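So in our numbering, spot 343 of the sequence shown is number 532, and the numbers just go up one at a time.
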Amino acid sequence: MPVYLGFDCATQGLTAVAIEVAGAERRVLLERSLRFDEALPAYGTVDGVLPDADPLVVRSSPLMWAEALDTMMGLVAADLGDDVRRVAAVSGSAQQHGSVYLRAEADEVLGHLDPARPLADQLRDVFAFEHAPVWMDASTSAQCAAITRALGGAAAVARLTGSRTFERFTGPQISKLHETDPEAYDRTARIHLVSSYLASLLAGAAMPIDTGDGSGMNLMDLRRGRWADAALDATAPGLRGRLLTVVPSATVVGRLSPWWTARHGLPPAKLVAWTGDNPSSLVGVGVVAPGTVAVSLGTSDTLFTIMDRFEPDPSGTAHVFGAPTGDFMSLVCFRNGSLARERVRDAFGLDWDGFSRLLDETPPGNGGALMLPWFEPEITPSVEVAGIHRLHLAESDAGANVRGVVEGQMLAMRLHSRWTAPRVDRIHATGGAARNSALLQVMADVFAAPAHRIDVANSACLGAALRAFHADAASRGRPAPWEDVVAGFAEPNPSLAVRPRPAAVEVYRRLAPAYEELERRTLREIP
Ligand code: XUL
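Encoded structure:
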């Protein structure tokens, strides 16, 4: 019975999961996490990133990630015991956009690691730039503007790469390094994403970037799945020579190097391309075909789905990435998620039970009252100045405001996902607030589709293990449809679905244009 390993290198820590698959019999064998701050305090990270005097600059330590991977592999091997020999394939995911800069000597070092010494000790001299800018970095506005100009405007960049330029995207980060530290850029022989860097450590050789994580760089021709010369040229000189050819996410790129056998007893298992955490999560929450939409309800809410054709978001606020299935995926982020729900809850002195009770007790449509809950500047739609806008909604009415915030959020989610999900058959809801049935009811009614709760704690990590399983089956000449791959791991239980109620669906069908008009008018009026 083969075992598959998945890793996820997130901002704050590293997680591993091992799964076992024998036909319809599937189970999670183990799940392990470590937090960088506590497990590896010598690197001095706070919540996984290095303190910096400039609040716009956010970096982390690639050496720390290497040490974390070595440590975690040791823990996983110890937990698996004899089962470690059954590991057939390994894959992983990582926080998107972060970049690692290696010297030419890195290849030589990685190919000749000494099993008697820890990994990190041997990597101290391979970095051309000691730190890795990560996705929280917002210091590249000037480079974003220059790249946008060179490529013919924001819409042109999105049509080519899947997203307009964003400060955290890797292309602008590379451009900034080239401008501000040209010696470091000159020393760099290979640029990696966090994902391809960690895959390279496992393989003992440079591993390619995949289409899923590569689409978070503003460097790929996403439709064609390859580097875009115009984007490379607009970013930094000599960039193509510093990148390997991009590969589809489902590629078996190599095998675990003998170092991992000698050090932790792993077999030379297949290594499947690592990808970004968002593409990996897609599989980890069971979204493998168009029509299923995942909604993650966290501090911010995000919506993501699969698209079988490439189409950028016409408003320029969302992203299109490569999906692990070989299709495309969208990612739409709403900053005022739990953040806004909590503000309303606290304003009326409620707890979550009280909040849900008021939601249950108030009628769908709120008698025509509407709220735009932009407690903080909003990403979707793009709103720079925070403000709560109410229509026919008394500020002092607790029930109407509770319903107003949730309906405003769900109507916005539906409105701003039409471009990517014109048809929604079902919703997979995750995150803390997905436990709230009253909220899921509004979601189901607004989207006119059943909402399923998906109880997966580490969806990116599970997605990585499932991608390892998928690619291993395909490489043995026994390809498994994606629906089969996720079955038993990230599959909703239909009997627990929150189903749309026809009368409420009709209420929201009528209310949606009023919401859209309120949003349009408000956006015209605010600065
Ligand atoms: C996506 C993004 C974040 C990171 C977090 O564009 O920046 O979701 O991937 O790990």
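Every residue gets a Cβ at the ideal spot worked out from N, C-alpha and C, and that includes glycine.
None of the values given here were measured: they were computed from a predicted structure.
{"Query": "Can you give the beta carbon distance from leucine 264 to arginine 216, rounded, assuming they're within the 8 Å contact cut?", "Result": "About 19 Å; that fails the 8 Å criterion."}
{"Query": "Could you pull the DSSP bridge partners for serine 519 from this structure?", "Result": "Thr494 and Val509"}
{"Query": "With H, G and I counted as helix, E and B as strand and the rest as coil, what does DSSP make of histidine 617?", "Result": "strand"}
{"Query": "In the structure shown, what three-state DSSP assignment does alanine 686 receive?", "Result": "coil"}
{"Query": "Can you grab the Cα-Cα spacing for the pair glycine 557 / valine 572, in whole Å?", "Result": "23 Å"}
{"Query": "Based on Cα-Cα distance, which residue from Ala321, Leu308, Ala255 and Leu219 lies nearest to aspartate 272?", "Result": "Leu219"}
{"Query": "Tell me where the beta strand (DSSP E) around tyrosine 374 begins and ends.", "Result": "First-last for tyrosine 374: 371-376, but that is the alpha helix (DSSP H), not the beta strand (DSSP E)."}
{"Query": "At what residue ranges does the region 438-487 contain a whole run of the beta strand (DSSP E), taking only runs of 3 or more?", "Result": "441-444, 459-461 and 481-486"}
{"Query": "Identify the continuous beta strand (DSSP E) that holds tryptophan 563 and give its terminal residues.", "Result": "559-563"}
{"Query": "Using beta-carbon positions only, say whether histidine 578 and threonine 711 come within less than 8 Å of one another.", "Result": "yes"}
{"Query": "What does DSSP give as the partner residue(s) for arginine 348 in the beta ladder?", "Result": "Answer by DSSP bridge pairing: none, since arginine 348 is not bridged."}
{"Query": "Tell me, please, whether the region 584-598 touches the region 493-511 by the rule of three or more beta-carbon pairs shorter than 8 Å.", "Result": "no"}
{"Query": "Using a threshold of 8 Å, state whether the C-beta atoms of cysteine 650 and valine 206 are closer than that.", "Result": "yes"}
{"Query": "Quick one: does the C-beta of histidine 508 sit closer than 7 Å to a heavy atom of the ligand XUL?", "Result": "yes"}
{"Query": "Using CA coordinates, which residue listed in Arg665, Gly212 and Asn407 is at the minimum distance from alanine 335?", "Result": "Asn407"}
{"Query": "Can you tell me whether alanine 701 is helix, strand or coil according to DSSP?", "Result": "helix"}
{"Query": "Would leucine 223 and alanine 255 be called neighbours here (beta carbons separated by less than 8 Å)?", "Result": "no"}
{"Query": "Below 7 Å, is the gap between the Cβ of aspartate 466 and the nearest heavy atom of the ligand XUL?", "Result": "yes"}
{"Query": "In its own chain, which residues sit with a C-beta less than 6 Å from the C-beta of alanine 211, not counting the 5 before and 5 after it?", "Result": "Met190"}
{"Query": "Given this structure, state the Cα-to-Cα distance separating isoleucine 616 from alanine 638, to the nearest angstrom.", "Result": "7 Å"}
{"Query": "Between leucine 628 and aspartate 410, what straight-line distance do the alpha-carbon atoms span, to the nearest angstrom?", "Result": "39 Å"}
{"Query": "So isoleucine 380 is in the beta strand (DSSP E); what residue range does that whole segment cover?", "Result": "379-382"}
{"Query": "Is the beta carbon of glycine 405 less than 8 Å from the beta carbon of histidine 286?", "Result": "yes"}
{"Query": "Work out the CA separation of lysine 459 and alanine 663 for me, nearest whole Å.", "Result": "12 Å"}
{"Query": "Tell me where the alpha helix (DSSP H) around arginine 642 begins and ends.", "Result": "No alpha helix (DSSP H) holds arginine 642; the beta strand (DSSP E) holding it covers 640-642."}
{"Query": "Return the chain-ordered list of same chain residues with a C-beta closer than 8 Å to the C-beta of leucine 582, the five sequence neighbours on each side being excluded.", "Result": "Asn555, Ala558, Leu559, Met560, Ala589, Asn590 and Gly593"}
{"Query": "If you draw a straight line from the alpha carbon of glycine 515 to that of alanine 653, how long is it in whole angstroms?", "Result": "15 Å"}
{"Query": "Return the bridge partner residues of proline 322 from the DSSP annotation.", "Result": "Arg248"}
{"Query": "Beta carbon of isoleucine 398, beta carbon of serine 288: below 8 Å?", "Result": "no"}
{"Query": "Which same chain residues end up closer than 7 Å to alanine 420 when comparing Cβ atoms and leaving out the 5 residues on each side of it in sequence?", "Result": "Leu340, Leu349, Thr350, Gly360, Asn407 and Leu408"}
{"Query": "Report the rounded CA-to-CA distance for arginine 313 versus serine 385, giving the unit in angstroms.", "Result": "18 Å"}
{"Query": "So for leucine 312, helix, strand or coil by DSSP?", "Result": "helix"}
{"Query": "Verify whether the separation of the beta carbon atoms of serine 280 and glycine 414 is less than 8 Å.", "Result": "no"}
{"Query": "Can you find at least 3 beta carbon pairs, one from the region 609-626 and one from the region 474-491, that sit closer than 8 Å?", "Result": "yes"}
{"Query": "With respect to the beta strand (DSSP E) encompassing aspartate 197, which residues constitute its N-terminal and C-terminal limits?", "Result": "192-198"}
{"Query": "Whether or not the region 542-549 and the region 687-694 are in contact is what I'm after, with contact meaning three or more pairs of Cβ atoms, one per stretch, closer than 8 Å; do they touch?", "Result": "no"}
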